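Protein chains in written order, with this note's numbering: chain W, 1 to 651; chain P, 652 to 752; chain X, 753 to 950; chain U, 951 to 1446.
Beta carbons are placed, not taken as given, at the ideal position from N, Cα and C, and that holds for glycine.
As the structure is a prediction and not an experimental result, all values here were calculated from the model.
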Amino acid sequence: MLYQLSVLVLVVPLIGGILAGFLGKTTGKTFTNTVTIFSVLASFLISSYILYTILNQPDLIFNQNIYRWLEIGSYSFNIGLLIDNLTASMMVVVTFISLMVHIYSIGYMHDDPGYHRFFSYISLFTFAMLSLVMANNFLQLFFGWEAVGVMSYLLIGFWFTKESAIKANFKAFIINRVGDMFLLLGIALLFSLSGSLDYSTVFSSGPMINNQLFFITENLSVSALTLACILLFGGAMGKSAQMPLHVWLPDSMEGPTPISALIHAATMVTAGVFMLARMSPLFELSESALSFVLIIGSITAITTGLLGLVQFDIKRVIAYSTLSQLGYMVVAAGVSAYSASLFHLMTHAFFKALLFLAAGSVIVALHHEQDIRNMGGLRKRLPVTYTTSLIGTLALIGFPGFSGFFSKDALIEAVAHSTVYAHEFAYYCVLIGVFVTSLYSFRLLFIVFHGPLSEHNNNVQEPQLSIVLPLILLSIPSVFVAWPTVGPMVFDSFFSNSIVQPTSIELFGYEFTDSLHFLTHALSGPVTYIAISGIGVAYLFYIKQPEIPNKLALTFKPIYKLLREKYYFDYLYENILAKFFSSLGNSLWNLGDIKFIDNYIVNGTARKIESLSNKAQLLQSGYIYHYALMMMLGLSVFLGWVIINKIGMAS
Amino acid sequence: MLTLQSYLTLGAIIFSIGVIGIVINRKNIIIIMMCIELLLIAVNFNFIAFSYFNQDLAGQIFVFFILTVAAAEAAIGLAILVALYRNKKTIDVQELNSLRN
Amino acid sequence: MIKELIFYSFSSVLICSSLAVVLFRNPVYSAVSLILSFITSGFLWLLLEAEFLAIVLILVYVGAVMVLFLFVIMMLNINKETEKSSFNSVAPFAVFIGLIIVAELITIIWINSSQFSTSSTVIQQSSQMGNTLLLGTELFTNYILDFEIAGFILLLAIIVAISLTLRPRKNLKTQVASEQINVDPKKRMKLVDLKETK
Amino acid sequence: MIVDQIIWLPILTALIIVALGEKRSELSYKISLFISILVFGLSVYVLYLFDPTTSGFQFVLKTQWIERFNINYHLGIDGISLPLILLTTFLTPIVIYTAKTTSKNKLHQYLASFLLLEGLMVGVFSAMDAFLFYVFWEAMLIPMFLIIGVWGGKNRIYATVKFFLYTFLGSVFMLIAIIYLYLKSGSYLITDFYYLPLQVNQQIVIFMAFLFAFAVKIPMWPVHTWLPDAHVEAPTGGSVILAAVLLKMGGYGLLRFSLPISPEGSMTLAPLMITLSLIAIIYIGLVAIAQTDMKKLIAYSSISHMGFVTLGCFVFFIEGNALNPATINLAINGAMIQMISHGLISAALFLSIGVMYDRLHTREINDYGGIVTTMPKFATLMVFFALANAALPGTSGFVGELTVILAAFKANGFIASLSALTLIIGAAYTLWMIKRVIFGPVKNEKINQLNDMNKLESISLGLLALSILILGVWPKPLIDLMNESINLLTLFITGT
């Protein structure tokens, strides 16, 4: 029963997407959105039912192969499902956000000529994401991994006539591919060590792998497991946009806003975090890999947050915020607090989707204006959007009581109690990050919704219901979802059948009793106060004395420039690396292929033969007796050879 | 004692004379054709000698055919020669070098 | 003994006349020398009991082929050109190589002589039955197809020789059947619209 | 008998079509389409009759041909050749089907060339006699030579001569090797060669001789430069067959001759072969990025992808101290899948380029842009093929590369890492082309007036897309088909 239902969860969005894609153009918009929304709704309901079933039956792990994909000798590769608490909760999150985005898109994409294409894509994306989440083996993980990448590629380039959009989607795909390559290599390494791609086999042979060495040179070797984990994390760095592979995510904001909410905030980018949690049996065995994860995550958390301070595009600010929050999740995984990481993933999915959709609502209301310098004072014109944005922002900065508070606090608590190498560094990074988060979040909020209302925005109205409704629906979990769930998910054994991690006492140094107690406990830490001070500074900078930021920018010009240029990563990739490789290709082609092989070797041989034959032509006098003489010469030589042979044989 | 070797040697000598004749000649193609006849005679010598000493008639049969073909060859060759002379007004090998280019 | 005597005398004549073929300036002389060498080889072949071939050689070659040669020589009237030096620039080299070839050939013959059968003692079948008869029997039984082909080649040679040398008369009126069949009335007749003339 | 029909039916039809003449080209189009579909049906029937549980040759047909040299007209099919035969007979109807739009002059001869080519290609794949194999191998050059030389582009003569000289020069060495093996074994039967006790030195020489022929066909760096030229000049159908089937003959030759006949020679030269494969994968991939001509780009991408085939054929030799049959199996299966899948994908890409070329008569990437606005259906398929070319999981392109990389990693992590770079490079050149051709604002007025695919084109490309998808989602049946034969090959390689 569970098996059939799980397959149904997977297949229904696929069918919906295919139907919308093939029939949407002819059957019209209503058909398209009905089909896709109902398929995702069905998927959501079934996922919820599965989660419910699993909650009622603790320790139920459901692991079954659907079919055998490939079988070579003793190796077999399967397509299968693994349903446990981790998967089930991810499924619910994914389908819920997807459902919201579907509904939202009815209004947002209403006038777009690519309406059916859009719905088809997001349904297919849902399918891909689900297949990633539900995989019971690395092969399917990789399939989902790449498939979500492709859907993201197509959706970023959804408005394909925009030069910037197709540039962004190309960039996104290539950078993701860099990560995917590492992931594939990690998978290949695990395969070569354990001989299988199934999670269960690989995980059970983890301790055995841990003892093996991978020889880089004759003498230099690393632990094979550490290498595999770092390679796997390389994949996560691409997909979850960690430094230095983060550059594609801000650019991906070229896509429609619902996409930014669904793919580039809530689901796809968290795939890396999900994978880290899924691979926890391996990562737990390698301290060095965890440190690596921790360092990368904390660098990402702090640096990308700073970038959010200087952006003027409403979506880019949120995108950098997403990057920073992803950094937090990775940090949590780095200190082995996978449950906290996943919990933050879940709450973040809700409030970040909310923020994006709210931003989309603003964008729609202002007729596709995205520059925050042209906004201001929209509070009165867009009351629902404002309220929901406020909720999202408060959740994001971890204001006490909101869902983000619980997740972020648990996470920072875990960092504080960690003993992994570089944990102090990570701790300071995340603390500064909290301040930066609230600063840029409220900067955005204040600039967009407060301040004076500009002239041309006077007639702005709240958009239609299908846009507003998801905002309201999403703000509910953004506030409340953590209250009942923080206990079981973070501190209790909810994930114990799918994740290997130390006990909550070891991790957090705190005995959880109930959520209210946790709230009061957290208030004793510095985090909340740092966040509130961030609000204060933002209030000072952007409402009381708006000239301060400009002054600061002038005073610290080099730093400001560094931030505006995004630490020159784009410059490095586009102008140095990409140029280098394309000119390398060009010169290999021109020098290697054309000049050397074709002109020198191939045609050179031909030319040589031609010149030789020109010389040989001099021998060709045209006189018969010259030819006859040559024949004579040949005959005499031949006879001589015969004689020599004869004599040789005789002796 | 007449042995096979003596006949073969004779054939070899005649053959070489024919070959030399083809090459050293600068007068006309007719002489070359005659030299070819000499070559054939030399070859025929060998055939007949082998046929005699091995008591195998096949050699003679072969000579018979060679003679036939040689006659045909001579006829055609001379016909070509006549045609050539008509066109070029010469059969001098020194002047016949249209094989070049 | 008598055989040896005949062999050596005739072969020296043969070699001399062959040399003469090559060396004479006048092609007529060369042709005559060639006739001589044919005749002497005919005699030598008689020594090898190839009577039929010897006679054919003399009859056909001397009687027909060489006469043809002489005909052509005279027809083309080329004995004028005898003033030129009869040897070309590569001649010394060619002679040298030719001598090498002779030497090599003879060496090969003598190296291999141990493999030759020295069977002059073989019972001469042909002396009883006659070489011509034997040859004929063989030719018309086992080699009949080849014989036919040879005849065909001769026929071909005749046709080729004629077609090469035949000069068709100009203005000869002949029928071209294919053109007649392929006549297209449209090409022959042209309908022309003439405008009225006043 | 049925194999015989698959070979000779198209060849005889080709003769009939030529005899029919130019005036009845519509009729000859129908006949050739019918025959090629019939031949595909026959080969599917072969697939149905084929017994995948045995490793040996099936459908064996043996007739004496040249008694003096013990040459036989000896045909047979095993698990390695059957997929390639299916590929051939599947693509020929598609090429013939689309020939109508791509080639208008002397259509009947064009069709006849392809039918002839089909028969000969199947002949190559099913010949069990080395001499017969050689005859088919060389004879195949003739129709291909004609296709490029007669219906090609401006610079076709240069391209054909280059193509012909390269391939011919290579195969001469193969002939020498075959004759040598015949003298050793007294038979031309390929499987007899496997059992010859050869010294390592002899094996190396034989391997090199075969390599010349196969490396040119595959093509491996540095004897690859004929391919881009040939592709650029060839008509669409010619490019399709060239990329899809002709190149596979090199890989097939490696599996049929080089590896089982000279396993130790292969082992000695494996580092060289692996280096060349990696050069093909990386160097040629980078070169592909620099191309401005779509056909050249895809041609270079073909070379790069064929690098995986050669990598799969040799990478297992460097694993540790002893050969591991499991890795061999994995790698060779990967090479085979890569061949089949590349056959389908490159065929699809060349057909797609043909679709565009028929409309705008240019292959320059810069002349395009924004195709998707006027040809949405076509753009969808083209993007799909491009993604398949970039080895997207779920398409057949991924299966081969995955298995080869897995096998390579078992052998050596660094080689695997280098070969995995193709994930980036392949995506870069393919999508870079897609970005400039398919997406973006409409470049010029001509593109604004384009019509989307007609029925003919959509059916052909749709069929290819479907097969690529099916192979990607469920490649197991294909593997099951060749598993036993590859097991046998593994035995020969390990020398047991």
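In chain order, what residues of the same chain have a beta carbon less than 6 Å from the beta carbon of residue 37 (chain W), not counting five sequence neighbours either side?
Here the question's residue 37 (chain W) lines up with position 37 in the first sequence. Result list for residue 37 (chain W): 102, in chain order.
Secondary structure at residue 450 (chain W), three-state DSSP: helix, strand or coil?
Translated into positions along the first sequence, residue 450 (chain W) becomes position 450. In the structure shown, residue 450 (chain W) sits in coil (DSSP, three-state: anything other than H, G, I, E or B).
Give the C-beta separation of residue 470 (chain W) and residue 104 (chain W) to the nearest angstrom, bearing in mind that I take them to be a contact with Cβ-Cβ under 8 Å.
By one-based count along the first sequence, residue 470 (chain W) stands at place 470. By one-based count along the first sequence, residue 104 (chain W) stands at place 104. At roughly 4 Å, the Cβ-Cβ gap stays under 8 Å, so residue 470 (chain W) and residue 104 (chain W) are in contact.
Helix, strand or coil for residue 1013 (chain U)? Go by DSSP, reduced to three states.
Working through the fourth sequence from its first residue, we reach residue 1013 (chain U) at position 63. Here DSSP, grouped into helix, strand and coil, assigns residue 1013 (chain U) to strand.
Output yes or no for whether 9 Å exceeds the beta carbon distance between residue 44 (chain W) and residue 95 (chain W).
By 1-based counting over the first sequence, the position of residue 44 (chain W) is 44. By 1-based counting over the first sequence, the position of residue 95 (chain W) is 95. A contact, by the Cβ cut-off of 9 Å.
What would DSSP say about residue 1388 (chain U), mapped onto helix, strand or coil?
As a position in the fourth sequence, residue 1388 (chain U) is number 438, starting the count at 1. In this structure, residue 1388 (chain U) counts as coil in the three-state DSSP scheme.
Quick one: Cα of residue 940 (chain X) to Cα of residue 1303 (chain U), how far?
Locating residue 940 (chain X) in the third sequence gives position 188, counting from the first residue. Locating residue 1303 (chain U) in the fourth sequence gives position 353, counting from the first residue. The straight-line gap separating the alpha-carbon atoms of residue 940 (chain X) and residue 1303 (chain U) is approximately 52 Å.
Three-state secondary structure assigned by DSSP to residue 525 (chain W):
Translated into positions along the first sequence, residue 525 (chain W) becomes position 525. In this structure, residue 525 (chain W) counts as coil in the three-state DSSP scheme.
Could you check whether the Cβ of residue 949 (chain X) sits closer than 8 Å to any heavy atom belonging to the ligand GDP?
This structure does not include the ligand GDP; it has no bound ligands of any sort.
Of the listed residues U:1437, U:1439, U:1442 and U:1432, nearest to residue 1000 (chain U) (C-alpha basis)
By 1-based counting over the fourth sequence, the position of residue 1000 (chain U) is 50. The option with the nearest alpha carbon to residue 1000 (chain U) is U:1432.
Are three or more beta carbon pairs between the segment 345 to 357 of chain W and the segment 388 to 397 of chain W nearer than 8 Å?
Yes, the segment 345 to 357 of chain W touches the segment 388 to 397 of chain W.
Entirely enclosed alpha helix (DSSP H) segments - the segment 682 to 742 of chain P, minimum 4 residues:
Restricting attention to alpha helix (DSSP H) runs no shorter than 4 residues, the segment 682 to 742 of chain P encloses them at 709 to 739, ordered along the chain.
Take every Cβ of the segment 365 to 374 of chain W, pair it with every Cβ of the segment 312 to 320 of chain W, and state whether three or more of those distances are shorter than 8 Å.
The segment 365 to 374 of chain W and the segment 312 to 320 of chain W touch, with no fewer than 3 CB-CB distances between them shorter than 8 Å.
Residues in its own chain within less than 7 Å of residue 290 (chain W) by CB, not counting five upstream and five downstream?
Position 290 of the first sequence holds residue 290 (chain W). Counting only Cβ-Cβ distances below 7 Å, and skipping sequence neighbours, we find 283, 334, 336 and 420.
Counting only beta-carbon atoms, is residue 842 (chain X) nearer than 9 Å to chain W?
Within the third sequence, numbered from 1, the residue matching residue 842 (chain X) stands at position 90. Residue 842 (chain X) counts as touching chain W.
Euclidean distance between Cα positions of residue 161 (chain W) and residue 1325 (chain U)
As a working note, residue 161 (chain W) is residue 161 in the first sequence. As a working note, residue 1325 (chain U) is residue 375 in the fourth sequence. Cα to Cα, residue 161 (chain W) sits roughly 13 Å from residue 1325 (chain U).
Would you check if the distance between the CB atom of residue 664 (chain P) and the CB atom of residue 767 (chain X) is smaller than 9 Å?
Position 13 of the second sequence, counted from the first residue, corresponds to residue 664 (chain P). Position 15 of the third sequence, counted from the first residue, corresponds to residue 767 (chain X). Contact flag set, yes.
Measure the alpha-carbon distance for residue 452 (chain W) versus residue 443 (chain W) and round it to whole angstroms.
Position 452 of the first sequence, counting from 1, holds the residue named residue 452 (chain W). Position 443 of the first sequence, counting from 1, holds the residue named residue 443 (chain W). Roughly 15 Å between the two C-alpha positions.
Report the CB separation of residue 954 (chain U) from residue 1024 (chain U) in whole angstroms; it is logged as a contact under 8 Å.
Here residue 954 (chain U) is taken as the residue at index 4 of the fourth sequence, counted from 1. Here residue 1024 (chain U) is taken as the residue at index 74 of the fourth sequence, counted from 1. Contact flag wrong, Cβ pair sits at about 11 Å.
Can you say whether residue 280 (chain W) is buried or exposed, counting buried as having 16 or more other CB atoms within 10 angstroms of its CB?
In the first sequence, residue 280 (chain W) corresponds to position 280, counting from 1. Burial call: buried.
Counting only runs that start and end within the segment 573 to 598 of chain W, where is the alpha helix (DSSP H) found for 4 or more residues in a row?
The alpha helix (DSSP H) runs lying completely inside the segment 573 to 598 of chain W and spanning 4 residues or more are 579 to 587, given in chain order.
Alpha-carbon spacing of residue 729 (chain P) relative to residue 722 (chain P), whole angstroms
Counting from one through the second sequence, the residue named residue 729 (chain P) turns up at place 78. Counting from one through the second sequence, the residue named residue 722 (chain P) turns up at place 71. Looking at the two C-alpha atoms, the distance is approximately 11 Å.
Residue 190 (chain W) versus residue 1360 (chain U) - alpha carbon distance:
Here the question's residue 190 (chain W) lines up with position 190 in the first sequence. Here the question's residue 1360 (chain U) lines up with position 410 in the fourth sequence. Across the structure, residue 190 (chain W) and residue 1360 (chain U) are spaced so that their CA atoms are roughly 10 Å apart.
Residue 391 (chain W), DSSP secondary structure in three states
Taking the first sequence and counting its residues from 1, the one referred to as residue 391 (chain W) is at position 391. Three-state DSSP puts residue 391 (chain W) in a helix.
Taking only beta-carbon atoms, is residue 627 (chain W) less than 9 Å away from chain X?
Sequence index remark: in the first sequence, residue 627 (chain W) carries index 627 (1-based). Not one chain X Cβ lies under 9 Å of residue 627 (chain W).
Is it true that the CB of residue 1367 (chain U) sits closer than 9 Å to the CB of residue 185 (chain W)?
Indexing the first sequence from 1 puts residue 185 (chain W) at position 185. Indexing the fourth sequence from 1 puts residue 1367 (chain U) at position 417. Between residue 185 (chain W) and residue 1367 (chain U), the gap from beta carbon to beta carbon is short of 9 Å.
Residue-level contact to chain X via CB, residue 694 (chain P), 9 Å cutoff:
Counting from one through the second sequence, the residue named residue 694 (chain P) turns up at place 43. For residue 694 (chain P), the answer is no, since every Cβ of chain X falls outside 9 Å of its Cβ.
Less than 9 Å between CB atoms is the rule here; does residue 648 (chain W) satisfy it with respect to chain X?
Counting from 1 along the first sequence, the entry for residue 648 (chain W) is found at position 648. No, residue 648 (chain W) does not count as interfacial toward chain X.
Are residue 593 (chain W) and residue 989 (chain U) close, meaning C-beta to C-beta below 9 Å?
Mapped onto the first sequence, residue 593 (chain W) falls at position 593. Mapped onto the fourth sequence, residue 989 (chain U) falls at position 39. Result no, Cβ atoms of residue 593 (chain W) and residue 989 (chain U) do not sit closer than 9 Å.
Rounded distance between the beta-carbons of residue 1318 (chain U) and residue 1265 (chain U), thought under 8 Å:
Counting from one through the fourth sequence, the residue named residue 1265 (chain U) turns up at place 315. Counting from one through the fourth sequence, the residue named residue 1318 (chain U) turns up at place 368. So it is not a contact: roughly 38 Å between Cβ atoms.
Flag this pair as yes or no: are the beta carbons of residue 963 (chain U) and residue 1195 (chain U) separated by less than 9 Å?
Position 13 of the fourth sequence, counting from 1, holds the residue named residue 963 (chain U). Position 245 of the fourth sequence, counting from 1, holds the residue named residue 1195 (chain U). No, the pair does not count as a contact, with Cβ atoms beyond the cut-off.
Test item: CB-CB of residue 120 (chain W) and residue 18 (chain W) under 9 Å:
Residue numbering aside, residue 120 (chain W) sits at position 120 when the first sequence is read from its first letter. Residue numbering aside, residue 18 (chain W) sits at position 18 when the first sequence is read from its first letter. Yes, the pair counts as a contact, with Cβ atoms nearer than the cut-off.
Under a three-way DSSP split, which group does residue 168 (chain W) fall into?
For this step, residue 168 (chain W) is matched to residue 168 along the first sequence. Residue state, collapsed to three classes: helix.
Helix, strand or coil at residue 873 (chain X) [DSSP, three-state]:
As a working note, residue 873 (chain X) is residue 121 in the third sequence. Because residue 873 (chain X) sits at a pLDDT of 48, beneath the cut-off of 50, its placement in the model cannot be relied upon, and the following sentence gives the value as read from the coordinates. Note: residue 873 (chain X) maps to coil in three-state DSSP.
Run through DSSP, which three-state label would residue 1109 (chain U) get?
Numbered from its first residue, the fourth sequence carries residue 1109 (chain U) at position 159. Helix, per DSSP.
In chain order, what residues of the same chain have a beta carbon less than 7 Å from the beta carbon of residue 97 (chain W), not counting five sequence neighbours either side?
Here residue 97 (chain W) corresponds to residue number 97 of the first sequence, with the count starting at 1. For residue 97 (chain W), the CB contacts under 7 Å within the same chain, skipping 5 residues up- and downstream, are 262, 266, 267, 349 and 353 in chain order.
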